[in-house]
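Chemist: Before we start, here is the structure in question, set down as structure tokens.
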Amino acid sequence: MELHFATNLKLMRKRRKRTQDEVAFSTGIKRPTLSGYENSGVLPSVENLLVMSDYFGLSADTLLRVDLHLLSEFQLSQLERGGDVYVRGSNIRVLATTVDKHNRENIELVPEKAKAGYTNGFADPEYIKELPRFQLPFLSPNKKYRSFQVSGDSMLPVPQGAWITGEFVQDWEHIASGEPYIVLTLNDGVVFKIVENQIKERGVLRLYSLNALYEPYDVHVSDVRELWKFRNFISEEIPGEAGGSHNLTRLVMQLKREVEEIKGKMG
Numbered sequence: 000m001e002l003h004f005a006t007n008l009k010l011m012r013k014r015r016k017r018t019q020d021e022v023a024f025s026t027g028i029k030r031p032t033l034s035g036y037e038n039s040g041v042l043p044s045v046e047n048l049l050v051m052s053d054y055f056g057l058s059a060d061t062l063l064r065v066d067l068h069l070l071s072e073f074q075l076s077q078l079e080r081g082g083d084v085y086v087r088g089s090n091i092r093v094l095a096t097t098v099d100k101h102n103r104e105n106i107e108l109v110p111e112k113a114k115a116g117y118t119n120g121f122a123d124p125e126y127i128k129e130l131p132r133f134q135l136p137f138l139s140p141n142k143k144y145r146s147f148q149v150s151g152d153s154m155l156p157v158p159q160g161a162w163i164t165g166e167f168v169q170d171w172e173h174i175a176s177g178e179p180y181i182v183l184t185l186n187d188g189v190v191f192k193i194v195e196n197q198i199k200e201r202g203v204l205r206l207y208s209l210n211a212l213y214e215p216y217d218v219h220v221s222d223v224r225e226l227w228k229f230r231n232f233i234s235e236e237i238p239g240e241a242g243g244s245h246n247l248t249r250l251v252m253q254l255k256r257e258v259e260e261i262k263g264k265m266g
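Dropping the structure here:
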């Protein structure tokens, strides 16, 4: 079995911009010992392996057996934010993804006809591998993106058939109210909505449409499987209205709240 502790240790130390002296001071492991781990292929004792595991926030198994140099920048950043599946188990939202021949994250396309299958296959690497994929050079290589095709008229002026590209949201506590997101739930599938974050207060996300004919509704956070924050959209049609989308979404939310308050008072 090939082990990767030496190269992984050096990679993670350099990504943190730490010298061997600094790591030695923080961990209590002598600098010559660290140098031996990185440069001579010396394997650590169990005690020191666990110390390094705690220091980098990675499991001992990952440090020893996973060649971290083969991971994309997005996957490495997920690990650094506490996304090691061996450490956090079922608490982590593991994202199935693909990379190109240069190990760059692809943007996978989920067409309208594939959305039903995506609801069941979103976590299956084999399913994700079969989706069309492309690159957008103006997006950050350190983040993960996916494009979904819009159906229906609930988000007009974004036209039906438009491709919405979203950025994967790992930490749901940072969901910004009043912003557009692609939301995947097992009951409703893939929807594109304005989100109001009520996780702390009620354990739900309230979803709004830009089209005022559609009523807002709540989804419990336990039913949500993925969230993608809106970044851009591509369409063959010119949107029916121009203007600041953020101002428009906040206006829609405010108007709907006021209507609900009026209904409550009348009731």
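Following numbering that gives the first Met the number 0, the numbering of the sequence shown begins with 0 at its first residue and continues without gaps. Every residue, glycine too, gets a C-beta built ideally from N, C-alpha and C. These numbers come from a predicted model, not from an experiment.
Looking only at DSSP bridge pairs, what is D217 linked to?
Modeler: The partner list for D217 (beta bridge, DSSP) reads R205.
Chemist: Could you name the residues of the same chain whose beta carbon sits closer than 7 Å to that of M265, not counting the 5 residues immediately before and after it, in chain order?
Modeler: Contacts found: none.
Chemist: Suppose the cutoff is 8 Å on Cβ atoms and the five residues either side in sequence are ignored; what does the same chain contact list for V109 look like?
Modeler: Closer than 8 Å at the Cβ level, and outside the excluded window around V109, lie Y117, L130, R145, S146, F147, Q148, V189.
Chemist: Within 10 Å of its beta-carbon, does P124 have 16 or more other beta-carbons around it, so buried, or fewer, so exposed?
Modeler: So P124 counts as exposed.
Chemist: DSSP three-state label for L270, please.
Modeler: Residue 270 is absent from the structure shown; the chain starts at 0 and stops at 266.
Chemist: Output needed for F55: all residues of its chain with C-beta closer than 6 Å, excluding positions within five of it in sequence on either side, in chain order.
Modeler: Excluding residues within five positions, the ones whose Cβ falls inside 6 Å are M11.
Chemist: Have a look at the DSSP bridge pairing and note the partners of E178.
Modeler: According to DSSP, which records beta bridges pairwise, E178 is partnered with V194.
Chemist: According to DSSP, simplified to helix, strand and coil, what is R64?
Modeler: In the structure shown, R64 sits in a helix (DSSP, three-state: H, G or I).
Chemist: Taking 8 Å as the limit between beta carbons, can you name the residues of its chain near E107, skipping five residues before and five after?
Modeler: Cβ within range, chain order: T96, T97, I127, L130, P131, R132, R145, S146.
Chemist: Our contact map puts L94 next to F167 with C-beta atoms below 8 Å; I'd like the distance itself, whole angstroms only.
Modeler: Confirmed, Cβ separation roughly 6 Å.
Chemist: Quick one: Cα of Q197 to Cα of L8, how far?
Modeler: Going by the C-alpha atoms only, they are around 40 Å apart.
Chemist: Under a three-way DSSP split, which group does K100 fall into?
Modeler: Reduced to three states, the DSSP call for K100 is coil.
Chemist: According to the Cβ coordinates, are A122 and F232 closer than 7 Å?
Modeler: No. Outside cutoff.
Chemist: Using the rule of at least 16 other Cβ atoms within 10 Å of the residue's Cβ for burial, across every protein chain shown, is L135 buried or exposed?
Modeler: It is exposed - the Cβ of L135 has fewer than 16 other Cβ atoms within 10 Å.
Chemist: Give the secondary structure of L49 by DSSP, where H, G and I count as helix, E and B as strand, and everything else as coil.
Modeler: Three-state result, L49: helix.
Chemist: Are Y180 and V157 close, meaning C-beta to C-beta below 7 Å?
Modeler: Going by C-beta atoms, Y180 is not nearer than 7 Å to V157.
Chemist: Quick test of your reading: F73 and N141, contact by CB under 8 Å. State the CB separation rounded to the nearest angstrom.
Modeler: Going by Cβ atoms, the distance from F73 to N141 rounds to 6 Å, so yes, they are a contact pair.
Chemist: What's the gap between the Cα of L209 and the Cα of D217?
Modeler: If I take the Cα positions, the gap works out to 16 Å.
Chemist: Taking the beta strand (DSSP E) that T164 belongs to, which residues open and close that run?
Modeler: That run of the beta strand (DSSP E) goes 162–167.
Chemist: State the DSSP-derived secondary structure class of E235, mapped to helix, strand or coil.
Modeler: Correct three-state label for E235: coil.
Chemist: Using a threshold of 6 Å, is the CB atom of H3 nearer than that to any non-hydrogen atom of the ligand HEM?
Modeler: Because no ligand of any kind appears in the structure shown, any question about the ligand HEM cannot be addressed here.
Chemist: According to DSSP, is T184 part of a helix, a strand, or is it coil?
Modeler: DSSP places T184 in strand when its eight states are reduced to three.
Chemist: Spatial neighbours of S153 within its chain, please: C-beta separation below 6 Å, excluding the five flanking residues on both sides.
Modeler: Once the five neighbours on either side are set aside, the close Cβ partners of S153 are S208, N210, Y213.
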